[in-house]
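Below you'll find the structure, written out as structure tokens, and then a few comments.
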Amino acid sequence: MDPLKEKFKKKATALYAESKALLKEHGDKVVGEVTLTQVFGGMRGVKSMVWDPSQLDANEGIRFRGYNIPQLRELLPKADGDKEPLPEGLFWLMLVGELPTKEQVDWLTDEWEKRAEVPAHTFAALDALSPDTHPMTQFSMAIVSMQSESVFAKRYAEGMSKTDYWDATYEDAMNLIAKLPRVAAYIYRRTFHGGNHIEPDTSLDWAANFAHMLGMKNKDFMSLMRLYLTIHADHEGGNASAHSVHLTGSTLSDSYYALASGMNALAGPLHGLANQEVIKWIFEMCEQLGTTKPTKEQIADYVNQTLAARKVIPGYGHAVLREPDPRFTAQKVFAEEYIKDDDYVNIVWNMFDVVPGILGALGKVKNPNPNVDAHSGALLVHYGLKEYSFYTVLFGVSRALGVLSALVWSRAMGFPLERPKSVTTDWVKEFIAKQ
Ligand code: HAX
């Protein structure tokens with residue numbers, strides 16, 4: 000058994016037993032009430048699932064197994080000569096709750112490299128699509144096309160015992176994560192570079208190799224990719240992509256089906272697609288104004304125009320967070336360190352000065368601050384990755400780390416089929432009448 004799997008097995012066996020005992024004694028304890036506003040309002044704040052890799056605090060932001068982003072940036076192992084964390088280290092942390100050593104992370108890099116071969120039929124399926132198919136459609140389809148490789152599906156068909164579900168899910172998670180950069184890079188190169196593909200460089204780590212296969216040779220871009228793929232990985236279990244993976248996985252659909260569900264949710268403009276919408280919004284503003292150096296007053300006018308057209312300001316607001324997103328801050332810190340002066344980065348920073356005041360004054364926006372998607376586009380454009388319809392695929396490659404580590408845990412904990420209760424509006428009216 001490989002060292003990560005062995006570690007996971009030990010932890011999962013202990014936590015499974017602990018949670019069974021905990022539920023036997025405390026299963027009837029009430030953890031919260033549900034109001035009608037929550038029933039109608041997208042279940043905000045309803046505690047209804049266990050998700051151990053990360054937890055979100057409305058004011059402080061995300062913590063991965065207790066570590067916030069600045070701590071991860073300091074404590075996770077790094078590639079030689081780089082300041083940014085290796086996402087392999089975050090996956091290890093999320094899966095087993097321990098910060099890995101550099102040797103452990105190097106092992107994981109090698110392990111993913113061994114598992115990275117993508118089936119030929121996936122490339123053929125992608126090639127059958129028109130190149131103007133949205134990259135997220137291609138990504139989701141490519142993931143489902145690889146389901147033919149699912150260890151879980153194969154072993155299930157052979158009569159696998161329930162106690163082995165986690166093992167097969169672990170294998171699928173590792174295989175999928177290993178293959179995603181290759182698949183994503185293939186989509187990028189076929190869509191935007193005439194199918195001029197780049198072979199992997201096996202001397203590089205997972206994120207740097209991804210950058211290499213995209214055709215991005217700049218070392219700072221490789222650093223950015225390591226940071227990007229780390230900070231987008233997880234945002235506790237209730238966000239739409241994570242919850243979609245959790246729900247689909249709960250039917251014992253394998254990791255391929257489950258991840259594709261999550262990617263389909265990530266492709267919505269209120270969720271992951273916001274990263275493309277932000278830079279599109281900025282490009283459109285610059286085009287309308289005829290400058291890439293708009294003043295704060297010009298930005299404010301354009302924000303007001305957008306709101307008057309009854310559209311949202313992409314990259315601002317959040318369903319849970321009530322402060323600026325630390326993932327936004329991490330990207331700002333990166334830009335301050337690596338990029339001296341860049342028009343689009345400056346626009347993002349000027350928006351940060353202008354937008355919260357305008358959204359706050361509307362009186363209805365619960366969090367007028369920037370979220371993760373407000374900054375990423377300007378950084379990518381700076382290094383030459385300007386094709387913004389690809390941005391959500393980058394997010395998706397990262398999100399796989401969190402949601403798949405959680406899926407392995409779900410199968411180890413024996414979590415059942417998810418099945419909340421819905422009610423009709425007539426039921427609600429009757430309920431109110433009876434009160
Ligand atoms: N611009 C304009 N209006 C906004 C807004 C924004 N950025 N954010 C919220 N509002 C509005 C809502 O549309 C809602 O208006 P109505 O009552 O007229 O419907 C009102 O303010 C209250 O919304 P809320 O409670 O503050 O926010 P929600 O929890 O309902 O929604 C969203 C959270 C992230 C979907 C929302 O803030 C939004 O649409 N933001 C812009 C899109 C975006 O950046 N999405 C990415 C979020 C982070 C993420 O998941 N990344 O992947």
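In terms of numbering that gives the first Met the number 0, the sequence shown has 145 at position 146, counting the first letter as 1, and numbering is strictly consecutive.
Virtual Cβ for every residue (Gly too), placed ideally from N, Cα, C.
Computed from a prediction, not measured in an experiment: that's the story for all the values here.
(message) Nearest by alpha-carbon distance to Ser147: which of Gly237, Thr328, His192 and Pro118 is it?
(response) Scanning Gly237, Thr328, His192 and Pro118 for the CA closest to the CA of Ser147 turns up Pro118.
(message) Please classify Thr12 as buried or exposed, where buried requires at least 16 neighbouring CB atoms within 10 angstroms.
(response) Result: exposed.
(request) Determine the burial state of Val422: buried for a count of at least 16 other Cβ atoms within 10 Å of its Cβ, exposed for fewer. (result) Val422 is exposed by the Cβ-count criterion.
(message) Helix, strand or coil, according to DSSP, for Leu358 in the structure here?
(response) The answer is helix: DSSP assigns Leu358 an H, G or I state.
(message) If you measure between the beta carbons of Thr132 and Asn274, is that distance less than 8 angstroms?
(response) No, these two residues do not count as a Cβ contact at 8 angstroms.
(message) At a cut-off of 7 angstroms, would you count Pro313 as near ligand 1, judging by its Cβ distance to the nearest heavy atom?
(response) In this structure, Pro313 has its beta carbon less than 7 angstroms from a heavy atom of ligand 1.
(message) Using the Cβ count rule (16 or more neighbours within 10 Å means buried), how would you classify Ala373?
(response) With 16 or more neighbouring CB atoms inside 10 Å of its own CB, Ala373 falls in the buried class.
(request) May I ask you to report which of helix, strand or coil DSSP gives Ile278? (result) In the structure shown, Ile278 sits in a helix (DSSP, three-state: H, G or I).
(request) Would you give the residue range spanned by the beta strand (DSSP E) that Leu55 belongs to? (result) For Leu55, the enclosing beta strand (DSSP E) starts and ends at Ser53 to Asp56.
(message) Let me check you understand the geometry: is the CB of Val143 closer than 7 angstroms to at least one non-hydrogen atom of ligand 1?
(response) Not one heavy atom of ligand 1 falls within 7 angstroms of the beta-carbon of Val143.
(request) Under the assumption that Val302 contacts Val244 (Cβ atoms under 8 angstroms), give the Cβ distance between them as a whole number of angstroms. (result) With a beta-carbon spacing of about 34 angstroms, Val302 and Val244 fall beyond the 8 angstroms limit used to define contacts.
(message) Which complete alpha helix (DSSP H) runs does the region 109-158 hold, if anything under 4 residues is left out?
(response) Segments of the alpha helix (DSSP H) lying fully in the region 109-158: 119-126, 134-144 and 150-156.
(message) Please state whether the Cβ-Cβ distance between Leu85 and Pro76 is less than 8 angstroms.
(response) The answer is yes: Cβ separation under 8 angstroms.
(request) Kindly indicate which residue of Thr121, Cys285, Tyr185 and Thr100 has the alpha-carbon position closest to the one of Gln297. (result) Distances from the alpha-carbon of Gln297 to those of Thr121, Cys285, Tyr185 and Thr100 put Cys285 closest.
(request) Determine the closest residue to Gly383 out of Met42, Lys218, Met140 and Thr100, with distance taken between C-alpha atoms. (result) For Gly383, the nearest C-alpha among the options comes from Lys218.
(request) Mind reading off the beta-carbon distance from Ser149 to Asp171? Whole number of angstroms is fine, and I expect it under 8 angstroms. (result) That pair is a contact at about 6 angstroms.
(request) Could you name the residues of the same chain whose beta carbon sits closer than 6 angstroms to that of Leu71, not counting the 5 residues immediately before and after it, in chain order? (result) Apart from sequence neighbours up to five positions away, the residues of its chain that approach Leu71 with a beta-carbon distance below 6 angstroms are Pro84, ordered along the chain.
(message) Would you call the region 417-431 in contact with the region 167-183, where contact means no fewer than 3 C-beta pairs closer than 8 angstroms?
(response) Contact fails: fewer than three Cβ-Cβ distances are below 8 angstroms.
(request) Tell me whether Asn263 counts as near ligand 1, meaning its Cβ is closer than 7 angstroms to at least one heavy atom of that ligand. (result) Checking the Cβ of Asn263 against ligand 1 gives no.
(request) Enumerate in chain order the residues of its own chain whose CB-to-CB distance from Glu295 is below 8 angstroms, with the five nearest sequence positions on each side excluded. (result) Reading off the sequence shown, one finds Lys at residue 295, where the question assumed Glu. Apart from sequence neighbours up to five positions away, the residues of its chain that approach Lys295 with a beta-carbon distance below 8 angstroms are Asn349, Asp352 and Val353, ordered along the chain.
(message) Taking the alpha-carbon of Lys161 as reference, which of Phe430, Met412 and Arg43 has the nearest alpha-carbon?
(response) Here the closest residue by C-alpha is Met412.
(request) Report the residue from Met212, Ala177 and Trp205 whose alpha carbon sits nearest the alpha carbon of Arg188. (result) Checked all of Met212, Ala177 and Trp205; the closest Cα to Arg188 is Met212.
(message) Let me check you understand the geometry: is the CB of Lys279 closer than 7 angstroms to at least one non-hydrogen atom of ligand 3?
(response) By its list of ligands, the structure shown excludes ligand 3, since it contains just ligand 1.
(request) Could I get the ranges of all uninterrupted alpha helix (DSSP H) runs contained in the region 233-288, with 4 residues as the minimum, in chain order? (result) As far as the region 233-288 is concerned, its whole alpha helix (DSSP H) runs of at least 4 residues are 239-249, 254-265 and 273-288.
(message) Suppose only complete runs of 4+ residues qualify. What are the alpha helix (DSSP H) ranges in the region 285-327, listed by chain order?
(response) Within the region 285-327, the runs of alpha helix (DSSP H) at least 4 residues long that lie entirely inside it are, in chain order, 295-307.
(request) Use the C-beta contact count for His192: other C-beta atoms within 10 angstroms, 16 or more gives buried, fewer gives exposed. (result) Per the 10 Å Cβ criterion, exposed.
(message) I'd like the ranges of any beta strand (DSSP E) spanning at least 3 consecutive residues and lying wholly in the region 1-63.
(response) With a minimum length of 3 residues, the continuous beta strand (DSSP E) runs that stay inside the region 1-63 are 53-56 and 60-63.
(message) Once DSSP output is grouped into helix, strand and coil, what is the label at Lys428?
(response) Reduced to three states, the DSSP call for Lys428 is helix.
(message) For Val45, which residues in the same chain have their Cβ closer than 6 angstroms to its Cβ, ignoring the five residues on either side in sequence?
(response) By the criterion of a C-beta distance shorter than 6 angstroms, Val45 is surrounded in its chain by Val33 and Gln37, once the five residues flanking it on both sides are discounted.
(request) Alpha carbon to alpha carbon, how far is Trp106 from Arg309? Give it in angstroms, no decimals. (result) Straight across, the Cα-Cα distance linking Arg309 with Trp106 is about 51 angstroms.
(message) Can you find the residues in the same chain that come closer than 8 angstroms, C-beta to C-beta, to Ile186, ignoring five residues on each side of it along the sequence?
(response) Hits under 8 angstroms: Leu125, Pro134, Gln137, Phe138, Ala141, Phe389 and Val392.
(request) Compute every distance between the C-beta of Asp372 and the non-hydrogen atoms of ligand 1, then say whether any falls below 7 angstroms. (result) Indeed, a heavy atom of ligand 1 lies less than 7 angstroms from the Cβ.
(message) Quick check: the Cα distance between Glu452 and Ala432, rounded to an integer number of angstroms?
(response) Residue coverage of the chain in this structure runs from 0 to 434, which leaves residue 452 outside it and unanswerable.
(request) In angstroms with no decimal places, state the Cα-to-Cα distance between Ala152 and Phe327. (result) Going by C-alpha positions, Ala152 is about 38 angstroms away from Phe327.
(request) Identify every residue that forms a DSSP beta bridge with Tyr66. (result) DSSP, once it has assigned bridges, lists Phe63 as partnering Tyr66.
(request) Could you tell me if Asn174 is buried or exposed, where buried requires 16 or more neighbouring beta carbons within 10 angstroms of its beta carbon? (result) It counts as buried.
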